[in-house]
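Trainee: For reference, the structure I am asking about is given below.
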Ligand code: FES
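In this note's numbering, the protein residues as written are 306 to 406.
Here is the structure:
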């Protein structure tokens, strides 16, 4: 198990190691409208990983290529649908309207 903290709401939930980050965010009751069903195609699940980046799965070429098309990416950017949780606590920041795609 690991802890997932979601900003700006500050909700913290327990998630299984190896579980999908987007699924955890939705399970916490956060709204993250996606259009591609987790295929790294829509970019709607773009967020910043504030803490715990070393614990989550590495970025794949497919995810990296999609992030290259999104406005406002940073070194903290990930696509939630492409991230599997590790065993360390993770804090993410949902970008909402701040994420251009
Ligand atoms: S859900 Fe579409 S890119 Fe993640």
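Even glycine gets a Cβ: it sits at the ideal position worked out from N, Cα and C.
Comparing the CB of residue 357 with every heavy atom of the ligand FES, is any distance shorter than 8 Å?
Mentor: Here the question's residue 357 lines up with position 52 in the chain shown. No, the ligand FES has no heavy atom inside 8 Å of this Cβ.
Trainee: For residue 411, report the span of its beta strand (DSSP E) as first-last.
Mentor: Residue 411 lies beyond the stretch modelled for the chain, which goes from 306 to 406, so this question has no answer here.
Trainee: For the ligand FES, which residues count as neighbours when the test is a C-beta closer than 7 Å to any heavy atom?
Mentor: In chain order, the hits are 327, 339, 340, 341, 342, 343, 344, 345, 346, 347, 348, 349, 350, 371, 384, 385, 386 and 387.
Trainee: Please name the residue, chosen from 356, 326, 374 and 335, that lies closest to residue 394 on a Cα-to-Cα basis.
Mentor: The sequence position of residue 394 within the chain shown is 89, counting from 1. Among 356, 326, 374 and 335, the Cα nearest to that of residue 394 belongs to 356.
Trainee: Would residue 382 pass as an interface residue toward chain C - the criterion being a Cβ-Cβ separation below 9 Å?
Mentor: Here there is only one protein chain, and chain C is not present.
Trainee: Output needed for residue 361: all residues of its chain with C-beta closer than 8 Å, excluding positions within five of it in sequence on either side, in chain order.
Mentor: Position 56 of the chain shown holds residue 361. Counting only Cβ-Cβ distances below 8 Å, and skipping sequence neighbours, we find 326, 354, 383, 388, 389, 390, 391 and 395.
Trainee: Please give the ranges of any beta strand (DSSP E) in the region 339 to 371, keeping only runs that are unbroken, at least 3 residues long and fully inside the region.
Mentor: Correct list: 351 to 356.
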